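Chains as they are written, first to last, in UniProt numbering: chain A, 1 to 477; chain B, 1 to 477.
Note sheet for the following structure.
Number of protein chains: 2
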Amino acid sequence: MTIAFPVPDPAILARRDAIIAGLRPLVAAEALVTSEDERRAFETDGLTAYRQMPLAVVLPSTTEEVAAVMRYCHQQGVRVVPRGAGTSLAGGAIAQEDAVILGVAKMNRVLAVDFADRTARVQAGITNLAISAAVAHEGFFYAPDPSSQLACTIAGNIAMNSGGAHCLKYGVTTNNLMGVTLVMVDGTVVEIGGDHLDSAGYDLLGLICGSEGQLGIVTEASVRILRAAEGARPALMGFGSVEAAGACTAAIIGAGIIPVAIEYMDREAITICEAFAHAGYPLDAEAMLIIEVEGSDQECDAMLARICEIAAPFAPTSLKVSQSEAESAAIWKGRKSAFGATGRISDYICMDGTIPTGRLAHVLERIGEITRSYGLRCANVFHAGDGNLHPLILFDINTPGEMEKAEAAGEDMLRLCVEVGGCLTGEHGVGIEKRDLMTVQYNQADLHQQMRVRAVFDPAWLMNPAKVFPLEGRIAA
Amino acid sequence: MTIAFPVPDPAILARRDAIIAGLRPLVAAEALVTSEDERRAFETDGLTAYRQMPLAVVLPSTTEEVAAVMRYCHQQGVRVVPRGAGTSLAGGAIAQEDAVILGVAKMNRVLAVDFADRTARVQAGITNLAISAAVAHEGFFYAPDPSSQLACTIAGNIAMNSGGAHCLKYGVTTNNLMGVTLVMVDGTVVEIGGDHLDSAGYDLLGLICGSEGQLGIVTEASVRILRAAEGARPALMGFGSVEAAGACTAAIIGAGIIPVAIEYMDREAITICEAFAHAGYPLDAEAMLIIEVEGSDQECDAMLARICEIAAPFAPTSLKVSQSEAESAAIWKGRKSAFGATGRISDYICMDGTIPTGRLAHVLERIGEITRSYGLRCANVFHAGDGNLHPLILFDINTPGEMEKAEAAGEDMLRLCVEVGGCLTGEHGVGIEKRDLMTVQYNQADLHQQMRVRAVFDPAWLMNPAKVFPLEGRIAA
Chain A
1 MTIAFPVPDP AILARRDAII AGLRPLVAAE ALVTSEDERR AFETDGLTAY
51 RQMPLAVVLP STTEEVAAVM RYCHQQGVRV VPRGAGTSLA GGAIAQEDAV
101 ILGVAKMNRV LAVDFADRTA RVQAGITNLA ISAAVAHEGF FYAPDPSSQL
151 ACTIAGNIAM NSGGAHCLKY GVTTNNLMGV TLVMVDGTVV EIGGDHLDSA
201 GYDLLGLICG SEGQLGIVTE ASVRILRAAE GARPALMGFG SVEAAGACTA
251 AIIGAGIIPV AIEYMDREAI TICEAFAHAG YPLDAEAMLI IEVEGSDQEC
301 DAMLARICEI AAPFAPTSLK VSQSEAESAA IWKGRKSAFG ATGRISDYIC
351 MDGTIPTGRL AHVLERIGEI TRSYGLRCAN VFHAGDGNLH PLILFDINTP
401 GEMEKAEAAG EDMLRLCVEV GGCLTGEHGV GIEKRDLMTV QYNQADLHQQ
451 MRVRAVFDPA WLMNPAKVFP LEGRIAA
Chain B
1 MTIAFPVPDP AILARRDAII AGLRPLVAAE ALVTSEDERR AFETDGLTAY
51 RQMPLAVVLP STTEEVAAVM RYCHQQGVRV VPRGAGTSLA GGAIAQEDAV
101 ILGVAKMNRV LAVDFADRTA RVQAGITNLA ISAAVAHEGF FYAPDPSSQL
151 ACTIAGNIAM NSGGAHCLKY GVTTNNLMGV TLVMVDGTVV EIGGDHLDSA
201 GYDLLGLICG SEGQLGIVTE ASVRILRAAE GARPALMGFG SVEAAGACTA
251 AIIGAGIIPV AIEYMDREAI TICEAFAHAG YPLDAEAMLI IEVEGSDQEC
301 DAMLARICEI AAPFAPTSLK VSQSEAESAA IWKGRKSAFG ATGRISDYIC
351 MDGTIPTGRL AHVLERIGEI TRSYGLRCAN VFHAGDGNLH PLILFDINTP
401 GEMEKAEAAG EDMLRLCVEV GGCLTGEHGV GIEKRDLMTV QYNQADLHQQ
451 MRVRAVFDPA WLMNPAKVFP LEGRIAA
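Here it is, written out as structure tokens:
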């Protein structure tokens, strides 16, 4: 293990029984999880290489209960780690030994839908896909679609500013969030934003979105809902080299065309996902793009024709346009199950860097070189249109030293992203995973400024404190 | 005059000559404006009812010069009011007597355009329209389009998170901004965001956008550029009542249709704008919508047909679809010149509130009642699709007491916006105009939280300090 957990506060550990006794009257009996067996379910998240049992877990059912828990923990100086469904790939929901996990998954109701205002008000523990399900009868949907959307909560989406395959056209969480109910560290409940455009004063809503559970606990959210297009059609385009697929993506975007999605898979990812989904992916290609267009049949035809024109100079080796709903579903099943399908054949860590789209070809070439230099394998499957990379670095956890090699390769890849003018993360957040890499992207003045903003909300660093910032060099207000 | 300027610091006023002498070596000779005649050009902005001569004006040409000026003013404890083109309708660019105006209008170059990444890097003093002009040869444009776009700067757009008629489809400034170079209050230069999606850590870019020049001076910006649609076609739809036009807007949006723009004018605004632009507006209608759709001819036809179906129950009294580029230009000239055309016939103040779209009919009815109760006239012309209202309250500045009545009516209208679940501002910002109304939207805890965030960037309140927050009850870090 190369990422360190903070040293727990012995005074808190010593008071564990008293803290649990203090929490007991604040929530229903079954909502307080203290036994070792039951806590085990909360010891890790999507970054399964790291595990840490929390002091206790509370699962409140209302904003008032969340406020009561926060008020109590604040008084007692107890750290709190918020948790949605625990699907974070960056360790954002992993606790520390002296912290209480506050899970919002029981708060999973739709509170109101307003089609004229195109908003839905939901409790924060609702899953991403359940929002779309609740408005589908009128032809609407909620746009950001992380691959984990069946499980992940809107609370987690807001914490990480999550994206997804269709965010190329529709934007990420911050572009689809209208307002939140936020419980502050001391239990104060505030409303930020609402069912209207803009807000007076500073954009605190934008600041909360992507703040990784460090500025407060979101218990309700108003999100933008959109009308689904008349139809959608994904096409699979194979290429003879990774560079050609990368350059083709840049050319499509550079021509000003915004399909709903441009997803990229290299040969390794194609093989893995095709074996799982049987979607007709081109097994002979070095790289493949899934390009989805939407609209009427005529619109889809016209846009695909234009895309094929632009792609021609990059010599695609195959083109297959979906001919049915079932075929489209299989194509997306392969893509959305990529991480799970990879997990069936190997241990892996999933990187999440973002680069300017124009640098795709260069960066893909360099990622290949980095992988080879460590003697590892890497499957690339990612949101090419957004320049949001997801190298899945494969390794064998039972071979001593191999995980460390994979982590070192991942670090090199993220440094590369920053070097070409990109960024450490696109949608997974910093979590514990990239905490120590923040100094690659930011100098000390930058980090201090972010920490001073943090301190306005949580001066004592009680909220999810082991994340985002390196453990060394922290400052308070 | 009902809005008070802060009492100037006599120690600063007494040191005026020394401060000017200190500024002189920092910028070119012609970039330091000190004479009374020349300072006069900077004594007001788009909120012309209020005037205040600044201590001096500096117009730097580079980020380094801006940094030098900020460093000096910070050392000397001199307040600084940033200024773009001075088109603010909320008094955002009006100085105070003891402040130096720092204007960025000389920094007006395009630095780089990258079509593959869909970004343009510009100096912050460039006008909004000049960005579109610089990328038009490849069929691209910059989307947010304030009516003042010929004059207003991207610096001002960022400060106020400006919108415009076409933001219904494309989003406002914050949705089209990728990164900025920011000079902090002490002269430190930082980069925030960049030519890539998302950023690691907190969303400081979102926080800067809309912060009204209080968190630093933006000297460069990376903005998203978009491919222009194949074609666009505005249609004019007349209605027999304001409520019908409002309800029709809600029905279109509620059906999940997002035209590029849905603009609203009532009879008063139609009359004023038609006299100016001769665009063929329906003079017999009580209210009119300008609905613009875009795409191919067939797409425009199909979307307009669907919109007409939805509108039918609201009994439109007329429908006129633009048949030529010239006709479309005239239709938009009338809308975009609405404020100027109103200024030809009367003094006015322009309100800027935002409401949930579903409440449009109710709020328009109430605005009529408020106007009548003060014995005034009001022209309503605004971004209906976004729920962003712009009542233009007409008055005669030479009739004693009438401006105060107009301001009181405006205040009632903004209180109404908040009451129905909306917000004090959509795109003009708070400025000095709505400073004292912030307590209607926010309680003291809310305001203190915003001020604590402000204090992270500017603990001594040197940056544009007379704006956004009520002068009473301020707190520092």
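Ideal Cβ placement from N, Cα and C applies to all residues, glycine included.
Note that this is a predicted model, so its numbers are computed, not measured.
Mind listing the chain A neighbours of GLU427/B? Cutoff is C-beta to C-beta under 9 Å, in chain order. LEU197, ASP198
With a CB to CB cut of under 6 Å and the five nearest residues on each side skipped, what residues in its chain are close to GLY22/B? TYR72
Under 8 Å, with one C-beta from each stretch per pair, do the segment 211-222 of chain A and the segment 173-193 of chain A reach the 3-pair mark? yes
Within its chain, find whatever has a CB closer than 7 Å to the CB of GLU404/B; leave out the 5 residues flanking it on each side and keep chain order. THR2
What does MET438/B reach in chain A if we use C-beta pairs closer than 8 Å? ALA200, GLY201
Where does GLN450/A sit, in a helix, a strand or coil, going by DSSP? helix
Could you please tell me which residues of the segment 107-139 of chain A, in chain order, have their CB closer than 7 Å to any CB of chain B? ASP114, PHE115, ALA116, ASP117, ARG118, GLY139
Is the segment 193-212 of chain A touching the segment 442-451 of chain B in the sense that three or more CB pairs, one from each, lie closer than 8 Å? yes
Find the nearest neighbour of ASP347/A within the set GLU327/A, ILE367/A, GLY358/A, CYS378/A, judged by alpha-carbon distance. CYS378/A
Output yes if chain A places a C-beta closer than 8 Å to the C-beta of PRO60/B; else output no. no
Is there a Cβ from chain B that is less than 8 Å from the Cβ of CYS209/A? yes
Three-state secondary structure (DSSP) of LYS336/A: helix
Taking Cβ-Cβ distances shorter than 9 Å, what residues in chain B pair up with ASP458/A? The contacting residues do not exist; ASP458/A stays about 12 Å from chain B at best.
Thinking C-alpha only, which one of CYS248/B, GLY422/B, GLY368/B is nearest GLU309/B? CYS248/B
List, in order along the chain, the chain A residues whose C-beta lies closer than 8 Å to that of VAL453/B? TYR202, LEU204, LEU207, VAL453, VAL456
Give me the Cα-Cα distance between VAL33/A and ALA11/A, rounded to the nearest whole angstrom. 21 Å
Would you mind telling me which residues of chain A sit closer than 9 Å to ILE257/B, beta carbon to beta carbon, in chain order? ARG227
Using DSSP's beta-bridge definition, name the partner residues of PRO234/B. GLU292/B
Could you work out which residues of chain B lie near ILE355/A, taking near to mean beta carbons separated by less than 8 Å? HIS196
Measuring alpha carbon to alpha carbon, tell me which residue in LEU150/A, GLY238/A, ALA124/A is nearest ALA287/A. GLY238/A
If you measure from the beta carbon of GLU411/B to each beta carbon in chain A, is any gap under 8 Å? no
Interface partners of LEU289/B on chain A, CB under 9 Å: Within chain A, no residue comes near LEU289/B; the closest Cβ sits about 15 Å away, beyond 9 Å.
Can you name, in chain order, every residue of its own chain whose Cβ lies under 7 Å from the Cβ of MET451/A, other than the five neighbours on each side? PHE469, ARG474, ILE475
Check distances from the C-beta atoms of the segment 78-111 of chain B to those of chain A and list, in chain order, the residues that come in under 8 Å. none
Are there 16 or more other CB atoms within 10 angstroms of the CB of GLU230/B, so buried, or fewer, so exposed? exposed
Quick one: residues in its chain with C-beta nearer than 7 Å to the C-beta of ALA315/A, no 5 flanking neighbours on either side, listed in chain order? GLY240, ALA244
From ALA105/A to ALA341/A, what distance separates their C-alpha atoms? 26 Å
If you draw a straight line from the C-alpha of GLN149/B to the C-alpha of LYS336/B, how long is it? 9 Å
Identity of the residue in PRO144/B, ALA99/B, VAL189/B nearest ASN128/B by Cα: PRO144/B
When you compare only the Cα positions, how much space is there between LEU59/A and TYR374/A? 43 Å
Terminal residues of the continuous beta strand (DSSP E) containing ALA56/A? 56-58
Counting only beta-carbon atoms, is VAL183/B nearer than 8 Å to chain A? no
Taking the straight line between their C-alpha atoms, what separation do you get for ARG51/B and GLU427/B? 22 Å
Per-residue DSSP class, three states only, for PHE469/A: coil
Taking all protein chains shown into account, do 16 or more other C-beta atoms lie within 10 angstroms of the C-beta of PRO400/A, making it buried, or fewer, making it exposed? exposed
Please state the DSSP three-state secondary structure of CYS209/A. coil
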